[in-house]
Amino acid sequence: MTNCTLKRKIFQSFFLMYALKSSNYVNGFYSSFSRRLPFHRTPYSKIFASSTSKKKKDQVLTHWKDPQDRVVITEDRNIRFIVRGNPQPLRRHRTARGFLYNPSAKAQESFSKVVRLLFEEHVPSLNLGDDSFFGDSPLAMDITFRLRRPRNHFVNNNPGKEGGLTRLKKTSPRLLCNSRVDVDNLGKFVMDACNGLLYVDDKQVSHLTLCKVYDCHGQCNGSTEVFVRKIDDQSIENLLL
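Just so you know, we're using the numbering used here here: the sequence shown kicks off at 1 and counts up by one.
Next comes the structure, spelled out in structure tokens:
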């Protein structure tokens with residue numbers, strides 16, 4: 001058998017596997033040689049799997065609100081509210097094809113939507129985005145991040161129907177959290193997401209208190225508690241003591 005005939009036979013065999021790749025066996029065998037074929041194309045099964053996984057990922061709620069959640073506004077026009085969902089850090093801006101983009105833009109948009117919904121339901125008279133609400137006054141923010149608790153913290157990896165700490169292992173931490181997420185990046189995420197809603201710009205925040213703990217309520221899926229208030233010279237002096 002000449003070299004030309006051998007090459008033709010090999011080409012025909014690979015072409016046959018490519019034509020019959022709809023079969024699971026042939027598709028698996030084909031994928032092992034797919035990188036060597038000059039006419040390689042991504043198998044339909046991989047294309048379908050990637051498209052469905054992206055759809056499922058987009059359908060997952062990043063942030064939400066529970067029916068019992070309320071917005072509390074005191075007489076001093078201080079604001080307190082809770083946004084459900086695992087707190088996320090602000091990721092660094094990246095460059096792709098010569099353009100600068102924010103990888104956390106979708107998650108921040110989800111957070112802002114929940115904040116707007118909370119105020120529209122419970123404080124319809126308040127127009128979020130109105131610069132006159134806080135004006136240009138210096139602000140103080142207290143943010144508590146309750147991170148989603150890993151399932152291996154619970155007995156049999158199940159928090160149970162009651163939730164909370166009823167099924168927490170004795171060896172699992174109760175509140176203190178030493179995860180890899182930096183608390184300062186968590187704060188930047190919330191402060192940027194509230195731009196144009198609670199204040200004109202986050203540069204107005206003169207005092208910031210951040211706290212990162214594990215969630216201990218319900219199914220321990222995480223939440224973010226935000227408290228915003230005005231401050232003056234007297235209050236900032238008290239904070240400095």
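Yeah, the Cβ is synthetic: ideal placement off N, Cα and C, and Gly gets one too. Since this is a predicted model, take the numbers as computed values, not measurements.
Using alpha carbons as the reference points, say which of V200, M191, Y214 lies closest to L208.
M191
Starting from I231, follow the beta strand (DSSP E) in both directions and report where the run begins and ends.
Taken as a continuous stretch (DSSP letters only), I231 belongs to no beta strand (DSSP E), as it is neither H nor E.
Any idea what DSSP makes of F134, helix, strand or coil?
coil
Classification of K106 by the beta-carbon crowding that lies within 10 angstroms, buried from 16 upward:
exposed
Closest residue to K170 among S179, V200, K161, N156 (Cα-Cα distance):
N156
Give me, in chain order, the residues of the same chain whose beta-carbon lies closer than 7 Å to that of P173; leave out the 5 immediate sequence neighbours on both sides.
Y214
Is the beta carbon of V71 closer than 8 Å to that of H122?
yes
With DSSP run on the structure shown, which of helix, strand or coil describes V72?
strand
As assigned by DSSP and simplified to three states, the class of D66:
coil
Once DSSP output is grouped into helix, strand and coil, what is the label at T5?
helix
Roughly how many angstroms separate the alpha carbons of K65 and R148, rounded to a whole number?
15 Å
Give the DSSP bridge partners of S172, in chain order.
Looking at the DSSP assignment, S172 forms no beta bridge with any residue, so it has no partner.
Determine, using beta carbons only, whether F227 and R94 come nearer to each other than 8 Å.
no
Taking Cβ to Cβ, would you say V183 is nearer than 8 Å to L139?
no
Can you tell me the Cα-Cα spacing of D69 and L186, whole angstroms?
21 Å
Measure the alpha-carbon distance for S179 versus K9 and round it to whole angstroms.
57 Å
Can you tell me where the alpha helix (DSSP H) with V190 in it begins and where it stops?
183-193
6 Å CB neighbourhood of T144 in its chain, flanking five on each side removed:
C211, E225
To which residues of the same chain is N78 closer than 6 Å at the C-beta, ignoring the five residues directly before and after it?
R229
For S112, count the other beta carbons within 10 Å of its own beta carbon; 16 or more makes it buried, fewer makes it exposed. Which is it?
buried
Cβ separation of G222 and G163, assumed to be a contact under 8 Å, to the nearest whole Å:
Not confirmed; about 13 Å, so no contact.
Where R116 and Y199 are concerned, what is the direct C-alpha to C-alpha distance, given to the nearest angstrom?
13 Å
Within the continuous alpha helix (DSSP H) that includes H122, where are the two ends?
105-122
Are there 16 or more other CB atoms within 10 angstroms of the CB of F99, so buried, or fewer, so exposed?
exposed
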